[in-house]
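The block underneath contains the structure these notes are about, expressed in structure tokens.
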Amino acid sequence: MNTPAEHLGSTHLLDVGGMEPPEPMVRILEAIDTLGPDERLRVLIDRDPIPLYRVLQRYGYQHRTTPQADQRYEVLIWLVPDAASA
1 MNTPAEHLGS THLLDVGGME PPEPMVRILE AIDTLGPDER LRVLIDRDPI PLYRVLQRYG
61 YQHRTTPQAD QRYEVLIWLV PDAASA
């Protein structure tokens, strides 16, 4: 089943591995602020960024988190157009 994120344009990579909180959250929020409507952000991070999920939801973003074999997490983030204008 395809998700909206799979139909978007370019994907930007942000690796925040090795950073201590709150630096990963700061970098992620700065990066999503620059995303266009058809772009997404692929984040590589050392821990499951649970506090980030509520912030993303509040600002109209969706995410998909996938644990990686190297014990890190990949978080794919994209803007939901209808949610952003609500």
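In terms of full-length UniProt numbering, the sequence shown has 24 at position 24, counting the first letter as 1, and numbering is strictly consecutive. By construction, the Cβ of each residue, glycine as well, lies at the ideal position given by its N, Cα and C atoms.
Kindly give me the distance between the Cβ atoms of residue i and residue j, rounded to whole angstroms, as I take these residues to be in contact under 8 Å.
i, j, result
"I28", "Y61", "The Cβ separation is near 10 Å, so there is no contact."
"Y73", "R42", "Contact doesn't hold; Cβ gap of about 11 Å is too wide."
"I45", "P24", "6 Å"
With a CB to CB cut of under 7 Å and the five nearest residues on each side skipped, what residues in its chain are close to residue i?
i, result
"L79", "L35, P37, G60 and Y61"
"I77", "I32, R40, L41, V43, L56, Y61 and H63"
"P67", "Y73"
Name the DSSP bridge partner or partners of residue i?
i, result
"I45", "Y73"
"Q62", "W78"
Given residue i, which residues of its chain have a CB within under 6 Å of its CB, disregarding the five upstream and five downstream residues?
i, result
"H12", "L41"
"D70", "none"
Please say whether residue j and residue i have beta carbons closer to each other than 8 Å?
i, j, result
"H63", "V55", "no"
Taking 8 Å as the limit between beta carbons, can you name the residues of its chain near residue i, skipping five residues before and five after?
i, result
"L14", "R27, I28, A31, L41, R42, V43 and L44"
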